[in-house]
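*Asks:* Pasting a structure below so you can have a look.
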Amino acid sequence: MPLRDKIETWLRGEEFDHLDDLVSLGAAAVPDLLDLAQRSPDEMTRARALEVLGRIRDRRAVPILTGALQTGSSLERLTAARALAEVTGGEAVGVLTGLLGDPDPSMVKVAVRSLAEVGDTAALAALERVSGEPALVSLRDETLAAIQGIRSRIG
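Take the sequence shown: its letters are residues 855 to 1009, numbered as in the numbering used here.
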């Protein structure tokens, strides 16, 4: 079976360990994953391709991930935000802090979690603003934990 067919079959599969198999393919899978993340007619296939691209941490995925953040479905946007943080680390802070103002509370939650994982002090001011937002009271504890985690990393 050609690699492209195997990748597409694994992305459409029900078993998530296939995603681990795709990650283990590394850079060899990236061109097909990039194409599927953009062109697959199936939303779940596109989202899973974005997830695997994030886990592979190949910088060729950055334009696709940022594009999905702007024009993707809700699922694709959420997946792309996490993946972008995985691929670029601290470089994603500007994009992720911008997502803290997103109208979708799920996106804000993913941005908070991703910023906590990145752990860059550049995110502190934006996270502090979010922690005080009355409309985002449901995220207050998670936001405060993210702030505390970042501060603990810097001493």
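Cβ atoms here follow ideal geometry from the backbone N, Cα and C, with glycine treated the same way.
Model, not experiment: these values are computed from the prediction.
1. So, helix, strand or coil for residue 859, using DSSP?
2. Is it right to say residue 922 is buried, meaning 16 or more other beta carbons lie within 10 angstroms of its own, or is it exposed?
3. Which of the three DSSP states is assigned to residue 973 in this structure?
4. Answer yes or no: do residue 908 and residue 946 have a C-beta to C-beta separation smaller than 8 Å?
5. Checking 8 Å against the spacing of the C-beta atoms, do residue 1027 and residue 910 come in under that value?
6. Where residue 899 and residue 906 are concerned, what is the direct C-alpha to C-alpha distance, given to the nearest angstrom?
*Replies:* Taking the definition as stated:
1. helix
2. buried
3. coil
4. no
5. Examination of residue 1027 is not possible in this model, given that the chain is present from 855 through 1009 alone.
6. 11 Å
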